[in-house]
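Asks: According to the numbering used here, the sequence shown is numbered sequentially starting from 31.
Note that CB positions come from ideal geometry on N, CA and C, so glycine has one too.
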Amino acid sequence: MVTLADVARHAGVSPSTVSYVLSGKRSISEATRRRVQHAVEELGYHPNAGARALAGRRSHIIALVVPLRTDVYVPIMMEIAVSVTMAARQHGYDVLLITNDEGPDGVRRVAASGLADGVILMDVELDDERIPVLREQGIHASMIGLPADSTGLSCVDHDFAAAGAQCADHLADLGHRDVAFIGYAPAVYHRHAGYAERTLTGFRERALERGLRFLHRPCEGTYESTAGTLARILADRPDTTGFVVQNENAIGPLLQLLPTSGRTVPEDASVVALCPEQLAEQYAPGLTAVTGPAQELGRVAVDQVMRRIAAAERGTDPEDELVLLAPVLTPRQSSGPLLTPVPPARRR
């Protein structure tokens, strides 16, 4: 199927110029207009998106690309998806769900078919393969996540670097000097998921500033994998007294396993998690947690897409937007001042 990008390459212009020629919503030189029209006729370019642009109509649909992975925390993803749906309805839009297993081809299919006026991507990787397609096709889009290069994009995300730094500061302020960061499964880091890598970077940089000795250990999140991760941490650093957990599935197992290693929470070991507020409140002792507003992510992403659509209709270039939502650390009973210089297991 011939795409708008094919026409642009054939005519030697940008995809946005082709879009402006088809819509007639921006003044284009006669020579450029003739080149584009010749390319359209020669390639047989007749997608639905082009027909809608010529008619000046919208589909009033936003495509939301949701992750289908075993290593993502599904409740948060669903909360964001619901938020996107509710925010879209306030603009008179419906939401079309697309799974991320389609990758760049799924985004390209939506653009070519004209099914949606805009796209929202979730689970954004640092070098996300879908982003070049968005730029190539000139799709109105927002990222719920922050890629390595956000040029020409609208993005919204939690400030994961700041969240990681808050965890390091909290443990350092309580007197802990040996700490461990229990992260997501290795596959999450291998695919360079932005939320995982930015949190770890923020934690690592602040830990170094505060003079903390730290370990990072990926973890699958099952009881067995968490037990193995904790055993390796204590074998490598027996004096570890502070634990930061980003993998939500590992929180419960860790709180169960620490007492069996001779460490009472929070007297001998402090635990800080990066997780939703409702999850933190489920545990006993109450879980010290860094949280962020998941629903706000969906609302901001929809607003960003709508502004880009409106700018195109006015014939103006959309403004790039980067919104980072500030994290909040809420101290509870799972963290406290370091009362003993060495864990009980070492003293014995």
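For L204, count neighbouring C-beta atoms within 10 Å of its own C-beta (all shown protein chains included) and say buried if the count is 16 or more, exposed if not.
Replies: The count along the sequence shown starts at 1 and reaches residue 204 at position 174. The residue in question, L204, is buried, as its Cβ has 16 or more Cβ neighbours within 10 Å.
Asks: Name, in chain order, the residues that DSSP records as bridge partners for V358.
Replies: For the purposes of this step, residue 358 is identified with residue 328 of the sequence shown, where counting begins at 1. In the DSSP output, where bridge partners are listed per residue, V358 has T321.
Asks: Checking 8 angstroms against the spacing of the C-beta atoms, do S300 and L260 come in under that value?
Replies: To locate residue 300, count along the sequence shown from 1; it is residue 270. To locate residue 260, count along the sequence shown from 1; it is residue 230. Their beta carbons are not under 8 angstroms apart, which means S300 does not touch L260 by this criterion.
Asks: Return the Cβ separation of F211 and F233 in integer angstroms, given the expectation that the two are a contact with Cβ distance under 8 angstroms.
Replies: Sequence index remark: in the sequence shown, residue 211 carries index 181 (1-based). Sequence index remark: in the sequence shown, residue 233 carries index 203 (1-based). Rounded, the Cβ-Cβ distance is 6 angstroms, consistent with contact.
Asks: The alpha helix (DSSP H) that contains L287, what's its start and end?
Replies: Within the sequence shown, numbered from 1, the residue matching residue 287 stands at position 257. Unbroken alpha helix (DSSP H) run through L287: I281 to T290.
Asks: Between which two residues does the beta strand (DSSP E) holding V209 run?
Replies: Along the sequence shown, one-based indexing puts residue 209 at 179. Where V209 is concerned, the enclosing beta strand (DSSP E) stretches over D208 to I212.
Asks: Just the Cα atoms here: how many angstroms apart are R236 and Q120?
Replies: Residue numbering aside, residue 236 sits at position 206 when the sequence shown is read from its first letter. Residue numbering aside, residue 120 sits at position 90 when the sequence shown is read from its first letter. Spanning the two alpha carbons is a distance of roughly 41 angstroms.
Asks: Going straight from the alpha carbon of D379 to that of P283, what length do you get?
Replies: The displayed coordinates of the chain run from 31 to 378. Any statement about residue 379 would go beyond what the structure contains.
Asks: For the putative contact between A146 and V137, defined by C-beta atoms under 8 angstroms, what is the C-beta separation to the nearest angstrom?
Replies: Here the question's residue 146 lines up with position 116 in the sequence shown. Here the question's residue 137 lines up with position 107 in the sequence shown. Between V137 and A146 the Cβ distance is about 10 angstroms, and since that is not below 8 angstroms, they are no contact.
Asks: When you compare each of S89, L355, V96 and P367 to D187 by their alpha carbons, which one comes out closest?
Replies: By 1-based counting over the sequence shown, the position of residue 187 is 157. Taking only the C-alpha atoms, the option nearest D187 is L355.
Asks: DSSP three-state call for G182: helix, strand or coil?
Replies: As a first step, residue 182 is located in the sequence shown; it is residue number 152 there, counting from the start. Reduced to three states, the DSSP call for G182 is coil.
Asks: Between S365 and the rest of its own chain, which residues show a CB-CB distance below 7 angstroms, the 5 nearest in sequence each way excluded?
Replies: Counting from one through the sequence shown, the residue named residue 365 turns up at place 335. Here the set comprises H200, L204, P296, S300, V301, V302 and T318.
Asks: Where does I91 fall in DSSP's three states?
Replies: By one-based count along the sequence shown, residue 91 stands at place 61. In this structure, I91 counts as strand in the three-state DSSP scheme.
Asks: When the Cα atoms are used, what is the spatial distance from M336 to G133?
Replies: Residue numbering aside, residue 336 sits at position 306 when the sequence shown is read from its first letter. Residue numbering aside, residue 133 sits at position 103 when the sequence shown is read from its first letter. Rounded to the nearest angstrom, the two C-alpha atoms are 23 angstroms apart.
Asks: Measure from the alpha carbon of E239 to the alpha carbon of each residue in R221, A195 and P357, then state which is nearest.
Replies: Working through the sequence shown from its first residue, we reach residue 239 at position 209. When each option's Cα is compared against that of E239, the closest is A195.
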